[in-house]
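Trainee:
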Amino acid sequence: MANNNNNNNRNNNLNIKKVCFFCANKMTTVDYKDTQALRRFMSPHAKILNHKRTGTCPKHQRVITQALKRARHMALLPFVAA
135 MANNNNNNNR NNNLNIKKVC FFCANKMTTV DYKDTQALRR FMSPHAKILN HKRTGTCPKH
195 QRVITQALKR ARHMALLPFV AA
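So the sequence shown is numbered by my numbering: it starts at 135 and just counts up by one.
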């Protein structure tokens, strides 16, 4: 019984609707030079987090991905974790 209750808690946590960070703050653009904001959408291993983890809408997820790739190309962010 304890395992069943534990599984229900996990499922409830996954079903919580997250709000897009950029839509909530009414930000229209994502700047690739703003590395502090972009690091929020990266894992500790320097991978891009998916929209289920970050809660971003599909439109802003595409913009974040492009900004992260540009920042990596300009050597502002690492390709892999150091």
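Glycine included, every Cβ here is placed at the ideal spot set by N, Cα and C.
On a predicted model such as this, the values are computed, not experimentally measured, just so you know.
Assign V164 to buried or exposed, taking buried as 16 or more other Cβ atoms, counted over all protein chains shown, within 10 Å of its Cβ.
Mentor: Mapped onto the sequence shown, residue 164 falls at position 30. Counting Cβ neighbours within 10 Å, V164 comes out buried, since at least 16 surround it.
Trainee: Count the other CB atoms within 10 Å of the CB of A205; is the residue buried (16 or more) or exposed (fewer)?
Mentor: Working through the sequence shown from its first residue, we reach residue 205 at position 71. By the 10 Å Cβ count, A205 comes out buried.
Trainee: Within the same chain, show all residues whose beta-carbon is closer than 8 Å to that of F178, passing over the 5 residues directly before and after it, in chain order.
Mentor: Here residue 178 corresponds to residue number 44 of the sequence shown, with the count starting at 1. It is worth fixing the name first, because residue 178 is Pro in this sequence and not Phe. So the qualifying residues of the chain are A215.
Trainee: The alpha helix (DSSP H) that contains P192, what's its start and end?
Mentor: Taking the first residue of the sequence shown as 1, we reach residue 192 at position 58. P192 to H207 is the extent of the alpha helix (DSSP H) around P192.
Trainee: Excluding the 5 residues flanking L202 on each side, which residues of the same chain have their C-beta closer than 6 Å to its C-beta?
Mentor: Position 68 of the sequence shown, counted from the start, is the residue given in the question as residue 202. Excluding sequence neighbours, L202 sits near L172 and I182.
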